[in-house]
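Going by the numbering used here, the first residue of the sequence shown is number 382, and it counts up by one from there. Glycine is no exception: its CB is placed at the ideal position from the N, C-alpha and C atoms. Data first, discussion second: the structure below is written as structure tokens.
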Amino acid sequence: MNVKEAFQVLMDALHTALEEAKKSGAEAMLEGRLEEVNTALVQAEALKSHLAKVKELQENWDSILKGTDGRKRRGRPAGAAITKPVLKRPRATKGTTTPQSSYRLPILEALVELGGRAQTKDVLDLVGKKMKGVLMDKDYELHRDGRAIRWRNAAQWVRNELKEEGLLKSDSPSGIWEITEKGWEYIRENKGL
Numbered sequence: 382m383n384v385k386e387a388f389q390v391l392m393d394a395l396h397t398a399l400e401e402a403k404k405s406g407a408e409a410m411l412e413g414r415l416e417e418v419n420t421a422l423v424q425a426e427a428l429k430s431h432l433a434k435v436k437e438l439q440e441n442w443d444s445i446l447k448g449t450d451g452r453k454r455r456g457r458p459a460g461a462a463i464t465k466p467v468l469k470r471p472r473a474t475k476g477t478t479t480p481q482s483s484y485r486l487p488i489l490e491a492l493v494e495l496g497g498r499a500q501t502k503d504v505l506d507l508v509g510k511k512m513k514g515v516l517m518d519k520d521y522e523l524h525r526d527g528r529a530i531r532w533r534n535a536a537q538w539v540r541n542e543l544k545e546e547g548l549l550k551s552d553s554p555s556g557i558w559e560i561t562e563k564g565w566e567y568i569r570e571n572k573g574l
């Protein structure tokens with residue numbers, strides 16, 4: 382199997398998995414299994430991210446093999462300087478960690494289950510349980526700052542976005558997360574409560 386065929390096999394597998402996630406999400410929605418709908422949505426988002434990453438890698442691979450005029454390189458002209466190819470380098474964690482958008486509903490759901498207001502640790506612990514089957518291996522590694530687990534750090538960034546959108550209170554005491562009425566409405570609209 383050559384590299385082009387390997388990319389195609391991987392792309393086909395990702396497309397198949399994406400279609401299966403969409404199908405299971407649709408079936409779960411029709412049957413009212415909302416937790417499974419959310420899981421399928423998160424999986425579909427992750428698979429789309431992986432597809433984009435693989436496509437970018439394939440394009441980078443193709444650019445190594447082709448010259449600027451699109452023809453395959455057969456060597457360099459006499460006297461031409463040897464240069465290293467310039468590759469577009471993707472961000473290190475793109476596609477290897479769960480997309481931040483996947484944390485939105487689990488954070489809001491956790492707050493609802495905790496009575497609408499809770500300490501950061503309690504919210505994050507419950508979010509971790511809710512996303513156990515969704516989080517990727519790299520999410521459980523230490524963040525590059527060496528102080529926090531990646532998924533916990535990502536969840537806290539999402540918390541800031543939710544505050545800016547008015548779904549979480551911005552004036553809660555330090556270390557306390559609290560849902561707003563707008564956050565409750567968001568949950569009702571997105572979870573059918």
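By how many angstroms is the C-alpha of residue j removed from the C-alpha of residue i?
{"i": "A491", "j": "R525", "result": "26 Å"}
{"i": "E386", "j": "Q439", "result": "11 Å"}
{"i": "L399", "j": "M410", "result": "16 Å"}
{"i": "G497", "j": "H431", "result": "34 Å"}
{"i": "K475", "j": "P554", "result": "33 Å"}
{"i": "K465", "j": "D443", "result": "Model confidence at K465 stands at a pLDDT of 48, short of 50, so the residue's coordinates are unreliable and nothing is read from them."}
{"i": "R528", "j": "K550", "result": "26 Å"}
{"i": "K510", "j": "G413", "result": "21 Å"}
{"i": "K544", "j": "F388", "result": "41 Å"}
{"i": "M517", "j": "K404", "result": "21 Å"}
{"i": "A421", "j": "D552", "result": "34 Å"}
{"i": "Q537", "j": "T501", "result": "9 Å"}
{"i": "E542", "j": "Q481", "result": "10 Å"}
{"i": "V384", "j": "K434", "result": "16 Å"}
Applying the 10 Å Cβ sphere with the 16-neighbour rule, what's the burial state of residue i?
{"i": "Y484", "result": "buried"}
{"i": "M512", "result": "buried"}
{"i": "Y567", "result": "buried"}
{"i": "N419", "result": "buried"}
{"i": "V515", "result": "buried"}
{"i": "R531", "result": "buried"}
{"i": "T479", "result": "buried"}
Let me check one thing: in DSSP terms, what residues is residue i bridge-paired to?
{"i": "W558", "result": "A499"}
{"i": "L548", "result": "BP columns for L548 are empty, so no partner."}
{"i": "I530", "result": "L523"}
Check your understanding: Can at least three beta-carbon pairs, one atom from the region 500–512 and one from the region 552–570, be found at a separation below 8 Å?
Key -> yes
Review point. What are the uninterrupted segments assigned as alpha helix (DSSP H) that are 4 or more residues long and contained completely in the region 487–511, given in chain order?
Key: 501–511
Exercise for review: Entirely within the region 399–446 and at least 4 residues each: give me those alpha helix (DSSP H) ranges in chain order.
Suggested key: 415–446
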